[in-house]
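This note's numbering numbers the first residue of the sequence shown as 22 and each following residue consecutively.
C-beta: ideal position from N, C-alpha, C; glycine also.
Model, not experiment: these values are computed from the prediction.
A short write-up of the structure that comes next.
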Amino acid sequence: MPNPFPILMEILGDNKEFADLLPIIKEKMKFMGFNGEPEGPFSTLSHGDLWVNNIMTKFENGKPVKNKIVDFQMYVEFSVAKDLLFFLFTSVQQEVLEESFDDLLRFYYDSLIEVVEQHKCETSQLTLEKFLDDVARIAKTELEHVMVMTYFVVFGKKGREDTPMAFFNKANVTPEGKRRGKYVINEFNKRGTRGTGTTLKKMSEVGIKEPEKLISPILGGNKKVTDVKISRLTAPGENNLSLVLKVDYVIENGNGTKEELYGVAKVKPIGDFVFGHQQNYKNELAFYNIVVPTLQDFQRQQGVDDVMDIFAKLHAFRPNFHGKNDEIDDDSVIMLENLIELGYENIDRLVGFDLELTKLILKDLALLHGVPLALRRLQPEVYREKIASNFAKFDPPPDGPPPDMPNPSEVVMEIIEDIKEFADLLPILKEKMKFMGFKGEPEGPFSTLSHGDLWVNNIMTKFENGKPVKNKIVDFQMYIEFSVARDLLFFLFTSVQQEVLEESFDDLLRFYYDSLIEVVEQHKCETSQLTLEKFLDDVARIAKTELEHVMDMTYFVVFGKKGREDTPMAFLNKANVTPEGKRRGIYIINEFNKRGWLS
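If you want it as structure tokens, here you go:
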């Protein structure tokens with residue numbers, strides 16, 4: 022019987038990127054055996070060999086409806102984490118793991134707790150934190166098991182002989198197996214299974230203290246919360262200014278009936294990726310608590326009955342846990358309605374918006390801009406007191422950004438310098454890539470409330486019979502006073518399909534302008550100063566300072582790799598830029614140059 026361990030190390034030794042890791046990998050590759058583990062809160066019956074060939078599925082109308090688990094020759098007493106990690110890393114599609122690994126851990130944990138409680142067993146010792154600690158602990162001894170299975174069995178060549186010599190053979194390892202093995206080792210390394218962990222441990226910090234008390238003010242005296250489930254709503258890398266949690270409440274009424282309340286909680290992000298959490302919280306709370314009601318009241322005063330309904334409703338908020346003042350701490354929460362439960366969804370950021378949906382969004386953007394624009398012109402004191410006073414204030418840290426945060430403009434220039442066709446443009450592009458900051462622009466006929474971060478992930482759409490019928494705009498942490506052109510250009514270049522822009526860019530500018538004028542006039546505000554010529558001049562003026570904003574977002578966020586970590590090093594990384602992102606960047610620079618916006 023060949024020893025799989027030296028063969029594994031031989032394969033890994035051929036991979037130069039693992040050169041520094043070989044000593045620690047060699048230690049991890051020692052055969053740990055199959056002895057059980059009877060102690061521990063999560064110790065139970067463990068299948069011991071749960072991979073794709075030991076699971077059989079029944080399908081109905083192309084949908085999986087039921088599974089059967091087979092081959093119980095190696096079951097043993099062990100932590101639940103052993104089966105879980107072995108199954109995920111050997112048998113689940115890599116793109117699924119890259120996008121949803123942490124969510125799958127949480128999904129399994131919630132399902133496990135549900136089963137245990139269903140059998141009238143209390144679960145106070147089975148906390149999420151203890152579960153994640155167990156996952157990290159088991160992972161430190163499971164790499165050899167996973168890698169042997171990955172290289173020699175799951176991704177081994179089909180049709181080989183059923184002999185040890187055929188199985189444990191370097192020639193039996195396929196390119197797919199090598200790619201999967203590379204992913205597995207990188208994932209174990211990233212998650213700290215060589216030593217102290219980070220990502221898994223941080224998962225235990227995802228939560229809200231006493232979530233039932235958060236919504237008690239909106240329940241009334243005869244209702245009480247009987248159950249709360251909290252999970253992460255957005256995948257890592259999809260929302261950077263806050264951590265977004267899904268919160269499901271079960272509420273019991275005075276007559277014994279039950280109802281459900283679905284919320285989305287925005288809490289402080291893990292780590293220090295974005296400074297200014299306190300200001301972001303104040304901005305967003307003021308938007309839902311003050312700005313939206315003010316704009317809707319103004320609409321009613323102007324005879325508009327169908328007031329703007331393009332935002333999520335505010336359920337509850339809490340600046341801190343102790344409740345003694347309005348000071349914002351790490352336990353701050355803003356709870357909004359869960360738009361997913363109402364049928365809204367995000368479009369895949371790597372796909373973007375088609376022409377039909379783009380026009381629907383532009384009409385909503387014209388509403389978002391046009392109502393406060395009319396208010397500013399007709400009731401300037403109300404606008405200053407209720408709207409402008411709540412605009413985001415971006416004061417950079419006195420010592421500059423964190424020392425470990427790369428400079429995005431420099432990374433963008435590194436990428437552009439590799440593109441030969443832009444050689445003659447490099448001096449002007451370097452100038453355009455200087456960070457312009459987030460300061461507002463209160464002057465100008467088209468200055469109004471500006472979202473500041475209007476891209477595909479901040480727009481949710483409801484479809485009926487495959488047609489988009491309604492949008493909601495979300496994430497109001499960076500709204501500021503600026504020309505309408507800033508949101509417009511940023512949205513178009515980051516979030517609309519390139520073929521749509523190539524065919525219809527000028528038509529979309531005109532469509533937005535006509536929609537904006539219609540909104541302003543609907544609110545009985547004259548528009549003689551808001552001419553098409555002035556609007557197009559504003560677009561050209563804003564474009565000359567917006568390239569850095571658009572390029573940063575295009576390279577590192579919109580077209581960045583899915584499943585990356587929520588850290589500056591992971592985001593602002595040249596290796597994170599996809600081929601799609603590079604192609605989009607080339608189009609954007611060529612378009613800016615063609616339109617004279619680089620001069």
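Problem - Endpoints, the alpha helix (DSSP H) within which K451 is located - result: The residue given as residue 451 occupies position 430 in the sequence shown. It spans 447-453 - the alpha helix (DSSP H) in which K451 sits, taken as one unbroken run.
Exercise for the section: Tell me whether the beta-carbon of M434 lies closer than 8 Å to the beta-carbon of K453. Expected result: For the purposes of this step, residue 434 is identified with residue 413 of the sequence shown, where counting begins at 1. For the purposes of this step, residue 453 is identified with residue 432 of the sequence shown, where counting begins at 1. Against a cut-off of 8 Å, the Cβ pair of K453 and M434 comes out as no contact.
Exercise for the section: Check T78 in the structure and name its three-state DSSP category. Expected result: In the sequence shown, the residue the question calls residue 78 occupies position 57. Three-state DSSP puts T78 in a strand.
Practice task
Starting from A625, follow the beta strand (DSSP E) in both directions and report where the run begins and ends.
Solution key: Look at the range of the chain in this structure, 22 to 620, and you will see that residue 625 is not part of it.
Practice task
Confirm, please, whether the CB-CB distance from A395 to V360 is below 8 Å.
Solution key: Along the sequence shown, read from residue 1 onward, the residue named residue 360 stands at position 339. Along the sequence shown, read from residue 1 onward, the residue named residue 395 stands at position 374. In the sequence as presented, Val is not what sits at residue 360; that position holds Leu. Contact flag unset, no.
Handout entry: Range covered by the alpha helix (DSSP H) that runs through S132
Key = Counted from its first residue, the sequence shown places residue 132 at position 111. That run of the alpha helix (DSSP H) goes 115-139.
Exercise for the section: Would you identify the three-state DSSP class for G581, choosing helix, strand or coil? Expected result: One-based indexing of the sequence shown puts residue 581 at position 560. Looking at G581 - three-state DSSP - the assignment turns out to be strand.
Exercise for the section: Confirm, please, whether the CB-CB distance from Y500 to F319 is below 8 Å. Expected result: Working through the sequence shown from its first residue, we reach residue 319 at position 298. Working through the sequence shown from its first residue, we reach residue 500 at position 479. Going by C-beta atoms, F319 is not nearer than 8 Å to Y500.
Handout entry: Classification of L537 by the beta-carbon crowding that lies within 10 angstroms, buried from 16 upward
Key = Start at 1 with the first residue of the sequence shown, and residue 537 comes out as number 516. When all chains shown are included, L537 counts as buried.
Practice task
May I ask you to report which of helix, strand or coil DSSP gives E31?
Solution key: Looking up residue 31 in the sequence shown gives position 10. E31 falls in the helix class under three-state DSSP.
Handout entry: Inter-stretch contact at 8 Å, needing at least 3 Cβ pairs: the stretch 482-493 / the stretch 355-370
Key = yes
Problem - Distance between L282 and G391 (C-alpha atoms, nearest Å) - result: Within the sequence shown, numbered from 1, the residue matching residue 391 stands at position 370. Within the sequence shown, numbered from 1, the residue matching residue 282 stands at position 261. Answer to the nearest angstrom: the Cα atoms are 33 Å apart.
Exercise for the section: Identify every run of the beta strand (DSSP E) within the stretch 496-583, keeping only runs that are complete inside it and at least 3 residues long; order them along the chain. Expected result: 501-504
Practice task
Identify the continuous alpha helix (DSSP H) that holds V205 and give its terminal residues.
Solution key: Residue numbering aside, residue 205 sits at position 184 when the sequence shown is read from its first letter. 196-211 is the span of the alpha helix (DSSP H), which, as asked, contains V205.
Practice task
Flag this pair as yes or no: are the beta carbons of N36 and K203 separated by less than 8 Å?
Solution key: As a working mapping, residue 36 is identified with position 15 in the sequence shown. As a working mapping, residue 203 is identified with position 182 in the sequence shown. Contact: yes.
Practice task
Can you tell me which of the three DSSP states Y96 falls into?
Solution key: Indexing the sequence shown from 1 puts residue 96 at position 75. Reduced to three states, the DSSP call for Y96 is coil.
Handout entry: I251: CB within 7 Å of a non-hydrogen atom of the ligand COA
Key = Absence of the ligand COA is noted for the structure shown, with no ligands found whatsoever.
Problem - Identity of the residue in H570, S252, G242 nearest I272 by Cα - result: Numbered from 1 along the sequence shown, position 251 holds the residue referred to as residue 272. When each option's Cα is compared against that of I272, the closest is G242.
Problem - C-beta atoms of P466 and Q550 nearer than 8 Å - result: Taking the first residue of the sequence shown as position 1, residue 466 is located at position 445. Taking the first residue of the sequence shown as position 1, residue 550 is located at position 529. Cβ distance < 8 Å, so P466 and Q550 count as in contact.
Exercise for the section: Determine the DSSP secondary structure at E621, reduced to helix, strand or coil. Expected result: No information on residue 621 is available, as it lies outside the stretch 22 to 620 that the chain covers here.
Practice task
Could you tell me the distance, in whole angstroms, from the CA atom of K245 to the CA atom of E366?
Solution key: Residue 245 sits at position 224 when you count from the first residue of the sequence shown. Residue 366 sits at position 345 when you count from the first residue of the sequence shown. Rounded to whole angstroms, K245 to E366 spans 30 Å at the Cα level.
Exercise for the section: Rounded to whole angstroms, what's the CA-CA distance from F338 to S516? Just pull it up for me. Expected result: Counted from its first residue, the sequence shown places residue 338 at position 317. Counted from its first residue, the sequence shown places residue 516 at position 495. Distance between the alpha carbons of F338 and S516 is about 30 Å.
Practice task
Pull up the distance between the alpha-carbon of S502 and that of V249, whole angstroms please.
Solution key: Your numbering for residue 502 matches position 481 in the sequence shown. Your numbering for residue 249 matches position 228 in the sequence shown. Residue identity check: residue 502 is Glu in the sequence provided, not Ser. Spanning the two alpha carbons is a distance of roughly 39 Å.
Exercise for the section: Compute the Euclidean distance between the alpha carbons of V175 and V73, then round it to the nearest angstrom. Expected result: Along the sequence shown, read from residue 1 onward, the residue named residue 175 stands at position 154. Along the sequence shown, read from residue 1 onward, the residue named residue 73 stands at position 52. Using only the alpha carbons, I get a separation of about 8 Å.
Handout entry: Contacting residues, own chain, Cβ-Cβ under 7 Å from L388 (five flanking each side not counted)
Key = What you label residue 388 is simply residue 367 of the sequence shown in a count that begins at 1. Cβ neighbours of L388 beyond the five flanking positions: M329, I331, V540.
Problem - Inter-residue Cα distance where the pair is V136 and P85 - result: Counting from 1 along the sequence shown, the entry for residue 136 is found at position 115. Counting from 1 along the sequence shown, the entry for residue 85 is found at position 64. Using only the alpha carbons, I get a separation of about 21 Å.
Problem - Other residues of its chain near L510: CB distance less than 8 Å, five sequence neighbours each side excluded - result: By one-based count along the sequence shown, residue 510 stands at place 489. The residues are V560, I563, A564, E567, V571.
Problem - Whole-angstrom distance between D41 and D155, CA atom to CA atom - result: Here residue 155 refers to the residue found at position 134 when the sequence shown is read from its first residue. Here residue 41 refers to the residue found at position 20 when the sequence shown is read from its first residue. Taking the straight line joining both Cα atoms gives about 27 Å.
Practice task
Count the other CB atoms, across all protein chains shown, that sit within 10 Å of the CB of I437; report buried if there are 16 or more and exposed otherwise.
Solution key: For the purposes of this step, residue 437 is identified with residue 416 of the sequence shown, where counting begins at 1. The residue in question, I437, is buried, as its Cβ has 16 or more Cβ neighbours within 10 Å.
Problem - Buried or exposed (CB count within 10 angstroms, at least 16 for buried), N207 - result: Here residue 207 is taken as the residue at index 186 of the sequence shown, counted from 1. Label assigned to N207: exposed.
Problem - At least 3 beta-carbon pairs within less than 8 Å: the stretch 60-67 vs the stretch 101-109 - result: yes
Problem - E358 in three-state terms, based on DSSP - result: The count along the sequence shown starts at 1 and reaches residue 358 at position 337. Correct three-state label for E358: strand.
Exercise for the section: Would you check if the stretch 466-475 and the stretch 519-531 touch, i.e. whether three or more CB-CB distances between them fall below 8 Å? Expected result: no
Exercise for the section: With L396 as the anchor, note down where its alpha helix (DSSP H) starts and where it stops. Expected result: To locate residue 396, count along the sequence shown from 1; it is residue 375. Element bounds for L396: 376-399.
Exercise for the section: Note the first and the last residue of the continuous alpha helix (DSSP H) segment covering F110. Expected result: Mapped onto the sequence shown, residue 110 falls at position 89. First-last of the alpha helix (DSSP H) with F110: 101-112.
Handout entry: DSSP three-state assignment for V325, whether helix, strand or coil
Key = Taking the first residue of the sequence shown as position 1, residue 325 is located at position 304. V325: coil per DSSP, three-state reduction.
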